[in-house]
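Student: Here it is, the structure in full.
Protein chains: 2
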Amino acid sequence: MRVLITGGAGFLGQKLAHAILAGGVGGKSDGQISKVDELVLWDQVFANSTAADSRSVNLTGDLLDGDVLRKALGDGVDVVFHLAAVVSAQAEADFDLGMRVNLDGTRTLLEACRNLPTCPVFVTTSSVAAFGGAVSNPVPDHQAPTPRSTYGTTKVIGELLAGDYSRKGFIDGRIVRLPTITVRPGKPNKAASSFASSIIREPLSGQAAVCPVAPDTPLWLMSPRRAIDALAMAAQLPADCLGDDRVITLPGLTATPKEVVLALERAAGQAVAERVEWRRDPAIEAIVATWPGAFEAKRARDLGFIADQHVDEIIRAYMEDEM
Amino acid sequence: MRVLITGGAGFLGQKLAHAILAGGVGGKSDGQISKVDELVLWDQVFANSTAADSRSVNLTGDLLDGDVLRKALGDGVDVVFHLAAVVSAQAEADFDLGMRVNLDGTRTLLEACRNLPTCPVFVTTSSVAAFGGAVSNPVPDHQAPTPRSTYGTTKVIGELLAGDYSRKGFIDGRIVRLPTITVRPGKPNKAASSFASSIIREPLSGQAAVCPVAPDTPLWLMSPRRAIDALAMAAQLPADCLGDDRVITLPGLTATPKEVVLALERAAGQAVAERVEWRRDPAIEAIVATWPGAFEAKRARDLGFIADQHVDEIIRAYMEDEM
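Residue numbers (the numbering used here), protein chains in the order written: chain A, 1 to 323; chain B, 1001 to 1323.
So this is what it looks like as structure tokens:
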């Protein structure tokens, strides 16, 4: 089995790669899991140029470059995890970059998959950013997307494209709408939701962090562990579970920054929790405060996708996995 | 005031052009209607190469051609009516053509409008084809699109693009989701819903027509008169009525083919109505039978958009306008 991960240098890409190489995560539309013979990680740049496993290859280059695409896809792939994207605040600041990577990049990859001799399983991610403005609370599965950011717009367009490519039999697509992933390891990124990790991660490593939204802003959260499980599970679902509707709004956990910081205090003490400074940033709030804080996610739950149960569990997982 | 109509040779484009030249339909975001000084009709081919009015110019060429675009937009336009599209059955038969015209064409036009010195009002059309599969009946305004055709997919993507371009202040967009327009004059086209006009138009001109769907299939209909009124009204709505949600699902009239043919019999007699042959076509049914037959259209009604009241009215309007 041959697997491609775009955004393979990102933290989800790296975690997914480790999971695949460790346990043979992958998927065919009949639900069968196979061993991975070759794993291609594709990204613009890697921290380490060489891969740690003989089955794994790091590939760099432009998502829209035909030569790079041919190398990435070779004679065919069984599963594509398309994770590469320009994140929310960055796409809001640079509209053209967001459209180029998130829309043109996704479409180019879909077209390349369409032209393969095999019909690959194509797992990609959408986001809570599909929604903004007035929506029902909790958001039902059949709620019309109302993106209020270029990132969210391109993510919903990606859902539609992957859906129609699946309906036409060009790919076997599965799009998971991810909650805000917390706690991301490493440094803050240009996602407007980056603070949701910073307010846990930085204090735990002795640094100050700023929460740029109101303490009672409801956030829809998921741990990296659950996200990797969800991506793997999405790849392995039988196609007939999905029919023509390829979008799965994942279940998450609703928590406010205040609740997150109280959990941090329970996990690491008052001095650590006091490293969080509350300083609202209108530019961040304009994006994040439009995202709903709760979703029904009925379809995903019925399919067996699982949410984190409590913020304490999310913080504990981070401390176990990353510290 | 300078107005551009793409798809200007089409029947809606031609009717809209006549209405604009006759009465000064147009719009600014403050709701003010102005006189039209120049009307550019753009299409691939026109039946008559010269326009009938000195203010009107016919322009041919490829929607994606930079030179043609520059000619169409000149130093700026006040209102764009973007009606050009590959229709449903044609886009289903030729995926690449549908994507090229409906997605790339719309995006290219939006980009060109973004680069104008003025921010034009940009009216475009979406469709009942935004929906398919299991949806609520009647479909509420907040129902998630579930396109089950490439046409529907590209129409929803157009909604999202025009929405985000509006949010960014690049255009002042208004997207109307049209019901199936009945009765279209002229010849059948490659829309899967073409029969909804044929079963009235052909019998009235002494010809046979085939209804390719079950007699009790609910259809969501609108007359050309109402459609032109709706396009004009969409252009003239103050932008602050719409906020960031630029999609307006128009009100329509629910009727089955059986009810349409009974109305035809009332209008023109039994012999005319008997020219309709009932012969189901699975390819047409696969597209049309997934379209909902009723929508709430609450927002549009609140904004003042009006539906036809009865099929008899639709048939009478056709006989008055076209025969």
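Every residue gets a Cβ at the ideal spot worked out from N, C-alpha and C, and that includes glycine. Small disclaimer: the values here were computed from a predicted structure and weren't measured.
Have a look at A:A162, A:F46, A:A93 and A:S223 and flag the residue whose alpha-carbon is nearest the alpha-carbon of A:D244.
Tutor: Position 244 of the first sequence, counted from the first residue, corresponds to residue 244 of chain A. The shortest C-alpha separation from A:D244 is found at A:A162.
Student: If you measure beta-carbon to beta-carbon, which residues of the stretch 133-147 of chain A are closer than 8 Å to chain B?
Tutor: Here the close residues are G133, V135, S136, D141, H142, Q143, A144, P145, T146 and P147.
Student: Looking at the unbroken alpha helix (DSSP H) that takes in A:M222, where does it start and where does it end?
Tutor: Walking along the first sequence from the start, residue 222 of chain A turns up at place 222. It is not in any alpha helix (DSSP H) - A:M222 instead sits in the beta strand (DSSP E) that spans L219 to M222.
Student: Using only CA atoms, which one of B:T1146, B:L1039 and B:E1322 lies nearest to B:T1324?
Tutor: Outside the shown range of chain B, which is 1001 to 1323, sits residue 1324 of chain B, and nothing can be said about it.
Student: Starting from A:F122, follow the beta strand (DSSP E) in both directions and report where the run begins and ends.
Tutor: The count along the first sequence starts at 1 and reaches residue 122 of chain A at position 122. V121 to S127 is the extent of the beta strand (DSSP E) around A:F122.
Student: Closer than 6 Å by C-beta to A:V210: which residues in its own chain qualify, once you throw out the five before and the five after it? Chain order, please.
Tutor: As a working mapping, residue 210 of chain A is identified with position 210 in the first sequence. Excluding sequence neighbours, A:V210 sits near E277 and R279.
Student: Restricting to Cα atoms, I'd like to know which of B:P1251, B:A1208, B:R1299 and B:G1304 is closest to B:R1275.
Tutor: By one-based count along the second sequence, residue 1275 of chain B stands at place 275. Ranking the options by Cα distance to B:R1275, first place goes to B:A1208.
Student: Consult DSSP for B:T1006 and reduce its assignment to one of helix, strand or coil.
Tutor: Translated into the one-based positions of the second sequence, residue 1006 of chain B becomes position 6. Note: B:T1006 maps to strand in three-state DSSP.
Student: Distance cutoff 7 Å, beta carbons only. Does B:L1264 sit that close to anything in chain A?
Tutor: Numbered from 1 along the second sequence, position 264 holds the residue referred to as residue 1264 of chain B. No, its Cβ sits nowhere closer than 7 Å to a Cβ of chain A.
Student: Tell whether a beta-carbon distance below 7 Å holds between A:L264 and A:A273.
Tutor: By 1-based counting over the first sequence, the position of residue 264 of chain A is 264. By 1-based counting over the first sequence, the position of residue 273 of chain A is 273. Yes, these two residues count as a Cβ contact at 7 Å.
Student: Got a sec, what are the start and stop residues for the beta strand (DSSP E) A:S56 sits in?
Tutor: Taking the first sequence and counting its residues from 1, the one referred to as residue 56 of chain A is at position 56. First-last of the beta strand (DSSP E) with A:S56: S56 to T60.
Student: Mind listing the chain A neighbours of B:V1176? Cutoff is C-beta to C-beta under 8 Å, in chain order.
Tutor: In the second sequence, the residue the question calls residue 1176 of chain B occupies position 176. In chain order: nothing, as chain A lies at least about 16 Å away.
Student: Which same chain residues, not among the five before or five after B:E1285, have their C-beta less than 6 Å away from its C-beta?
Tutor: Sequence index remark: in the second sequence, residue 1285 of chain B carries index 285 (1-based). So the list reads V1213, once near-sequence residues are dropped.
Student: Comparing the C-beta of B:I1171 with each C-beta of chain A, is any distance below 7 Å?
Tutor: Residue mapping note: residue 1171 of chain B aligns to position 171 of the second sequence, counting from 1. Chain A contact via Cβ: absent.
Student: Please go through the stretch 1188-1222 of chain B and give each complete alpha helix (DSSP H) segment of 4 or more residues, from N-terminal end onward.
Tutor: Those alpha helix (DSSP H) runs which fall completely within the stretch 1188-1222 of chain B and span 4+ residues are 1195-1204.
Student: Give me, in chain order, the residues of the same chain whose beta-carbon lies closer than 8 Å to that of B:D1172; leave out the 5 immediate sequence neighbours on both sides.
Tutor: As a position in the second sequence, residue 1172 of chain B is number 172, starting the count at 1. S1029, C1119, P1120, V1121, F1122, S1166 and A1239, listed in sequence order.
Student: Run through chain A and tell me which residues come within less than 7 Å of B:F1122, C-beta to C-beta.
Tutor: Start at 1 with the first residue of the second sequence, and residue 1122 of chain B comes out as number 122. Neighbours of B:F1122 on chain A: none; closest Cβ ~16 Å, over 7 Å.
Student: Residues of chain B with CB under 7 Å from A:F95, in chain order?
Tutor: If you number the first sequence from 1, residue 95 of chain A lands on position 95. Result: K1168.
Student: Based on DSSP bridge pairs, tell me the residues matched to B:L1262.
Tutor: By one-based count along the second sequence, residue 1262 of chain B stands at place 262. Looking at the DSSP assignment, B:L1262 forms no beta bridge with any residue, so it has no partner.
Student: Could you check the C-alpha separation between A:L253 and A:V311 for me, to the nearest Å?
Tutor: Position 253 of the first sequence, counted from the first residue, corresponds to residue 253 of chain A. Position 311 of the first sequence, counted from the first residue, corresponds to residue 311 of chain A. When rounded, the distance between both Cα atoms is 8 Å.
Student: Given a threshold of 16 other Cβ atoms within 10 Å of its Cβ, counted over all protein chains shown, does A:K187 qualify as buried or as exposed?
Tutor: Within the first sequence, numbered from 1, the residue matching residue 187 of chain A stands at position 187. Exposed is the call here.
Student: For a contact meaning CB atoms closer than 7 Å, what does A:I245 contact in chain B?
Tutor: Numbered from its first residue, the first sequence carries residue 245 of chain A at position 245. Here residue 245 of chain A turns out to be Asp, not Ile, going by the sequence shown. Within 7 Å Cβ-Cβ: G1133 and T1146.
Student: Name, in chain order, the residues that DSSP records as bridge partners for B:A1255.
Tutor: For the purposes of this step, residue 1255 of chain B is taken as residue 255 along the second sequence, with counting starting at 1. DSSP, once it has assigned bridges, lists B:L1219 as partnering B:A1255.
Student: Would you mind telling me which residues of chain A sit closer than 9 Å to B:L1303, beta carbon to beta carbon, in chain order?
Tutor: Stepping through the second sequence from its first residue, residue 1303 of chain B is reached at position 303. Those within 9 Å of B:L1303 in chain A number zero; the least Cβ separation is about 16 Å.
Student: Which residues of chain A have a Cβ atom closer than 9 Å to the Cβ of B:T1150, listed in chain order?
Tutor: Counting from 1 along the second sequence, the entry for residue 1150 of chain B is found at position 150. Chain A residues near B:T1150: D164, R167 and K168.
Student: Determine the burial state of B:M1222: buried for a count of at least 16 other Cβ atoms within 10 Å of its Cβ, exposed for fewer.
Tutor: On the second sequence, position 222 is the one that residue 1222 of chain B refers to. By the neighbour-count rule (16 or more Cβ atoms within 10 Å), B:M1222 is buried.
Student: Name the DSSP bridge partner or partners of B:Q1143?
Tutor: On the second sequence, residue 1143 of chain B is found 143 positions in, with the first residue counted as 1. According to DSSP, which records beta bridges pairwise, B:Q1143 is partnered with A:Q143.
Student: Counting only beta-carbon separations shorter than 7 Å, does A:I363 have a partner in chain B?
Tutor: Because chain A here runs from 1 to 323, residue 363 of chain A falls outside it and cannot be looked at.
Student: Please determine if the stretch 1131-1147 of chain B and the stretch 1194-1205 of chain B are in contact, where contact requires at least 3 C-beta pairs separated by less than 8 Å.
Tutor: Counting Cβ pairs under 8 Å, fewer than three are found: no touch.
Student: Under a three-way DSSP split, which group does B:V1135 fall into?
Tutor: Translated into the one-based positions of the second sequence, residue 1135 of chain B becomes position 135. DSSP places B:V1135 in coil when its eight states are reduced to three.
Student: For A:H310, which of helix, strand or coil comes out of DSSP?
Tutor: If you number the first sequence from 1, residue 310 of chain A lands on position 310. Residue state, collapsed to three classes: coil.
Student: Starting from the C-beta of B:A1047, find all residues in its chain whose C-beta is less than 8 Å away, skip the five residues before and the five after it, and write them out in chain order.
Tutor: In the second sequence, the residue the question calls residue 1047 of chain B occupies position 47. These residues qualify, in order along the chain: A1009.
Student: Can you tell me whether DSSP reads A:G304 as helix, strand or coil?
Tutor: On the first sequence, residue 304 of chain A is found 304 positions in, with the first residue counted as 1. It is coil, neither helix nor strand.
Student: Less than 7 Å between the beta carbons of A:I175 and A:S126, yes or no?
Tutor: Walking along the first sequence from the start, residue 175 of chain A turns up at place 175. Walking along the first sequence from the start, residue 126 of chain A turns up at place 126. Yes, Cβ-Cβ distance for A:I175 and A:S126 is below 7 Å.
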